[in-house]
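Report on the structure given below.
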Amino acid sequence: MLIGNVIRDNALFYQSQGYQMIYWDLFDFSLLERIRAIKKSGRGSHELYNDVIIMADTETSKKKKSAIVYKKGKKYMEVYDNHVVAFTVSLRAYGINIATLYGHKPSELVECLDKIHHSMPGERTIVYFHNLSYDYTFERKFMFSKWGFPESALNVKSHEPIYIRFCNGIEFRDSLILFQRSLDKVGKDFNVEHQKATGKWDYERIRKQSDEFSPEELEYIEHDTLCGVEALDAMKIALGKHVYSMPYTSTGIPREQTQIRGRKHQIKALFNKICPDYEQYIKQTKVFHGGYTHANRHFIGAVLRGLIKCYDFKSSYPYVLLSEKYPMQKFIKHDNCKLDYILRNSENYAWMFKLILLNPRLKNDEIPMPVLQRSKCVQTVKEVEDNGRILMASYVEIYLNEIDAAVLKEQYDWDGEMCVEVECAKKDYLPRWFTDYIFELFEQKEVLRDIDPILFVLKKYELNSCYGMCVQRYVRDTIEEDYETGEYKPKELTAEQEVKEYNKHIKKPTTILNYAWGVWCTSYAMRNLFTLGKAATDNYSKDRYWIYSDTDSGYFINPNEAAIEAYNEECKRKLMLNNYGPVHYKGRDIWLGVAEHEGKKDEYSEYVTVGAKRYCGRKLSDGELHITVAGVPKAGVKCLDDNVENFKRGLIFTGEVTNKKTHTYKYVEKIYIDESGNETGDSIDLSQCDYILDEIDLYDWDELLKQQEWFPIRELKEDMFDV
Numbered sequence: 009m010l011i012g013n014v015i016r017d018n019a020l021f022y023q024s025q026g027y028q029m030i031y032w033d034l035f036d037f038s039l040l041e042r043i044r045a046i047k048k049s050g051r052g053s054h055e056l057y058n059d060v061i062i063m064a065d066t067e068t069s070k071k072k073k074s075a076i077v078y079k080k081g082k083k084y085m086e087v088y089d090n091h092v093v094a095f096t097v098s099l100r101a102y103g104i105n106i107a108t109l110y111g112h113k114p115s116e117l118v119e120c121l122d123k124i125h126h127s128m129p130g131e132r133t134i135v136y137f138h139n140l141s142y143d144y145t146f147e148r149k150f151m152f153s154k155w156g157f158p159e160s161a162l163n164v165k166s167h168e169p170i171y172i173r174f175c176n177g178i179e180f181r182d183s184l185i186l187f188q189r190s191l192d193k194v195g196k197d198f199n200v201e202h203q204k205a206t207g208k209w210d211y212e213r214i215r216k217q218s219d220e221f222s223p224e225e226l227e228y229i230e231h232d233t234l235c236g237v238e239a240l241d242a243m244k245i246a247l248g249k250h251v252y253s254m255p256y257t258s259t260g261i262p263r264e265q266t267q268i269r270g271r272k273h274q275i276k277a278l279f280n281k282i283c284p285d286y287e288q289y290i291k292q293t294k295v296f297h298g299g300y301t302h303a304n305r306h307f308i309g310a311v312l313r314g315l316i317k318c319y320d321f322k323s324s325y326p327y328v329l330l331s332e333k334y335p336m337q338k339f340i341k342h343d344n345c346k347l348d349y350i351l352r353n354s355e356n357y358a359w360m361f362k363l364i365l366l367n368p369r370l371k372n373d374e375i376p377m378p379v380l381q382r383s384k385c386v387q388t389v390k391e392v393e394d395n396g397r398i399l400m401a402s403y404v405e406i407y408l409n410e411i412d413a414a415v416l417k418e419q420y421d422w423d424g425e426m427c428v429e430v431e432c433a434k435k436d437y438l439p440r441w442f443t444d445y446i447f448e449l450f451e452q453k454e455v456l457r458d459i460d461p462i463l464f465v466l467k468k469y470e471l472n473s474c475y476g477m478c479v480q481r482y483v484r485d486t487i488e489e490d491y492e493t494g495e496y497k498p499k500e501l502t503a504e505q506e507v508k509e510y511n512k513h514i515k516k517p518t519t520i521l522n523y524a525w526g527v528w529c530t531s532y533a534m535r536n537l538f539t540l541g542k543a544a545t546d547n548y549s550k551d552r553y554w555i556y557s558d559t560d561s562g563y564f565i566n567p568n569e570a571a572i573e574a575y576n577e578e579c580k581r582k583l584m585l586n587n588y589g590p591v592h593y594k595g596r597d598i599w600l601g602v603a604e605h606e607g608k609k610d611e612y613s614e615y616v617t618v619g620a621k622r623y624c625g626r627k628l629s630d631g632e633l634h635i636t637v638a639g640v641p642k643a644g645v646k647c648l649d650d651n652v653e654n655f656k657r658g659l660i661f662t663g664e665v666t667n668k669k670t671h672t673y674k675y676v677e678k679i680y681i682d683e684s685g686n687e688t689g690d691s692i693d694l695s696q697c698d699y700i701l702d703e704i705d706l707y708d709w710d711e712l713l714k715q716q717e718w719f720p721i722r723e724l725k726e727d728m729f730d731v
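Residue numbering for the sequence shown follows the working numbering, beginning at 9 and increasing consecutively.
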């Protein structure tokens with residue numbers, strides 16, 4: 009009761025003070041003395057955290073306009089040091105925006121954060137940046153100058169810290185890694201009061217730290233951090249978290265709930281029975297592949313007109329986690345055997361093995377989406393590729409499971425095969441408590457869509473992260489920052505150290521999900537994509553075409569809609585076999601896994617693709633062209649001048665139109681003051697850059713067959729291959 013009174017009194021105090029947007033050095037930091045300090049729950053934890061949500065942000069400027077230079081006929085922008093010209097820090101506690109402090113210089117931001125921290129009663133203060141790696145680069149030397157080097161940090165990739173902790177008690181976290189979306193999208197998803205004030209800051213203007221801010225510029229920088237703290241507070245409340253227990257990443261959102269539910273069902277005991285040893289785990293990482301994205305080579309560069317339809321799977325990965333069977337015993341070694349033997353025994357057993365193929369080639373040129381992935385092969389000889397997929401080769405070695413192997417056998421002929429390093433395990437449905445949790449999240453997501461936008465977003469995060477938790481690697485590279493140079497380098501581990509790290513990780517009580525489940529999930533999802541593709545095109549007939557694939561969607565000309573409906577009925581049947589049905593909402597049944605088509609939203613009158621992640625289409629829903637090009641913002645569609653014919657090899661998506669920028673890291677030996685009085689440390693130069701559209705190489709199938717050098721079988725021992 010006493011704590012409740014304190015919280016109420018403090019909330020009333022901040023309400024009476026009113027919100028302030030104020031220059032940082034004019035703020036009365038003593039107002040923060042009434043921020044509550046809370047003890048982190050758990051044994052042996054004595055540190056007090058300041059119960060306040062804080063987000064900081066910087067705006068930066070070039071020192072001069074980038075000059076255009078040409079090298080070997082290509083256009084480049086000159087790269088210069090950059091500097092901070094504005095910062096904001098927003099504070100929110102007790103559901104109230106307390107203040108936004110602003111300033112100009114990077115050293116002032118560090119001083120401001122230091123004063124905030126030391127004005128509050130707790131020992132630890134958490135500060136968010138939305139894209140921490142960017143702001144940290146500009147501020148790092150100023151932080152080191154005042155606080156020393158960090159005491160700890162976690163980097164999953166180069167220049168991508170999840171958190172950075174300093175000895176003085178300040179900890180930085182990245183809200184971009186948590187939300188997995190732009191701040192503009194975060195504000196809309198969480199329906200916050202202060203939306204991002206897009207368009208009110210001119211990023212091309214050359215600025216100095218002595219410049220005054222216009223009212224529009226102040227609004228822009230204020231709303232950036234206010235939007236962030238309001239969204240973080242909404243997430244904290246919805247998740248029932250404290251400021252210290254907020255997840256670092258989006259997969260952290262369902263991880264705790266999974267562990268709580270798993271403990272009730274002795275999941276650790278099951279994990280200990282079935283978890284792979286280190287060598288088996290490494291083999292499973294070789295079997296794993298990502299989603300299937302590919303363009304039909306027969307239509308590369310061809311402008312298609314008429315009616316092109318897109319079908320999307322409804323929650324593809326969650327569906328197969330519920331409907332399919334997975335390795336539920338520890339893998340055991342099996343004699344080398346024929347592929348047909350593995351496939352005959354694939355209903356009740358999971359298999360992983362290395363498949364060696366002699367002279368593999370597609371059965372015919374009509375197969376639009378080759379499954380054999382060059383980057384996953386451990387050895388190839390004289391392969392012919394179609395945008396990363398193998399059409400034919402003299403020799404191939406690849407690690408597979410029985411699901412991928414079945415798709416491969418449907419598509420390819422070969423002259424000889426060997427299955428080696430064979431291991432198998434019995435299959436069964438995933439633990440009921442886990443599949444029930446997944447279905448519960450799907451149901452909540454569908455029902456909350458129109459009721460509670462915040463909970464809807466969170467349930468969507470949780471649902472999508474269930475697969476991510478399964479496929480998270482047990483041993484990941486540790487990236488360390490050299491605080492002197494700014495370089496990021498992987499921490500080298502010996503083979504013995506890596507095994508030790510693996511064994512240490514799998515013994516943790518929180519490690520409860522089998523990595524193999526994620527591997528098989530991906531394989532089942534890819535198989536379903538190929539099953540749909542075959543059904544929609546009547547097994548690749550002459551008048552039905554599969555144009556493009558992207559993990560959980562397919563684009564078709566004249567698809568067989570009755571066959572797609574039959575596919576959907578099979579999806580429903582498989583769900584019901586595991587006692588799952590539809591979500592009943594607003595008089596309709598919503599099924600996991602079915603291929604959906606949302607009318608004109610999923611229909612195109614014009615369409616062209618030049619390769620994976622490179623396509624353009626005119627949607628019937630709005631009559632406008634839309635593009636997807638990896639690395640090019642959607643605004644790049646303006647470069648087409650509303651003419652789909654312009655989407656072809658050599659098209660230049662200019663930086664002036666797309667605002668696509670290249671990052672160049674600039675590290676200086678020490679902090680300096682430039683001729684305009686700007687404090688300057690390390691920086692990132694963002695310069696507009698062009699993107700030139702390319703397309704995949706095209707081949708004549710008959711000529712390929714004539715020219716291919718097949719591996720001579722007579723030179724091999726008879727017992728080496730099953731021929």
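From the three backbone atoms N, C-alpha and C, an ideal C-beta is built for every residue, glycine too.
Approximately 17 Å separates the beta-carbon atoms of Val237 and Arg132; this is outside 8 Å, ruling out the contact. Pairing Glu687 with Ser115 gives a Cβ-Cβ distance under 8 Å. In the three-state DSSP reduction, Leu628 falls in the coil class, being neither helix nor strand.
Only exposed fits Gln274, as fewer than 16 other CB atoms lie within 10 angstroms of its CB. Taken in chain order, the complete alpha helix (DSSP H) segments of 4 or more residues contained in the segment 149 to 234 are 183 to 187 and 191 to 197.
The DSSP-derived three-state label of Trp554 is strand. Unbroken beta strand (DSSP E) stretches of 3 residues or longer found wholly inside the segment 73 to 111: 76 to 79, 82 to 85, 90 to 101 and 104 to 111, given in chain order.
In terms of Cβ geometry, Phe137 and Ser691 do not form a close pair [threshold 8 Å]. DSSP, reduced to helix, strand and coil, places Val60 outside both helices and strands of the structure shown, so it counts as coil. For Trp155, the CB contacts under 6 Å within the same chain, skipping 5 residues up- and downstream, are Phe174 and Asn176 in chain order. DSSP places His513 in the uninterrupted alpha helix (DSSP H) bounded by Ala503 to Ile514. Segment contact: the segment 28 to 36 against the segment 111 to 126, three or more CB-CB distances shorter than 8 Å; contact assigned.
Of the candidates Glu225, Ala503, Val135 and Arg215, Glu225 places its Cα closest to the Cα of Gly207. Relative to Asp285, the option among Gln337, Ser49 and Ile261 whose CA is nearest is Gln337. With respect to the 8 Å criterion, Asn651 and Tyr437 are not classified as neighbours on the basis of their beta carbons. In the three-state scheme derived from DSSP, where H, G and I count as helix and E and B as strand, Met360 is classed as strand. With a threshold of 16 other beta carbon atoms within 10 Å, Thr530 meets it and is buried. By the criterion of a C-beta distance shorter than 6 Å, Asn139 is surrounded in its chain by Leu184, once the five residues flanking it on both sides are discounted. The DSSP-derived three-state label of Gly494 is coil.
A straight line joining the alpha-carbon of Lys333 with that of Leu380 spans about 24 Å.
The residue from Ala242, Val164, Leu186 and Glu212 with its alpha-carbon nearest to that of Asn199 is Ala242. The C-alpha of Cys647 lies about 15 Å from the C-alpha of Ala638. For Val135, the enclosing beta strand (DSSP E) covers residues Thr133 to Phe137.
Here Val507 has Tyr286 as same chain residues with Cβ atoms under 8 Å from its own Cβ, once five neighbours each way along the sequence are excluded.
Contact check between the segment 385 to 392 and the segment 514 to 529: fewer than three CB pairs, one atom from each, fall below 8 Å, which does not count as touching.
In the three-state reduction of the DSSP assignment, Asn654 falls in the helix class. One alpha carbon belongs to Ile62, the other to Pro158, and they sit about 19 Å apart. DSSP places Cys529 in the helix class (H, G or I) of the three-state scheme. With 16 or more other Cβ atoms inside 10 Å of its own Cβ, Arg626 counts as buried. A residue is called buried once 16 or more other Cβ atoms fall within 10 Å of its Cβ, and Tyr532 is buried on that count.
Just so you know, the alpha carbons of Gln267 and Lys467 end up roughly 17 Å apart. For His671, the uninterrupted beta strand (DSSP E) segment begins and ends at Lys669 to Lys674.
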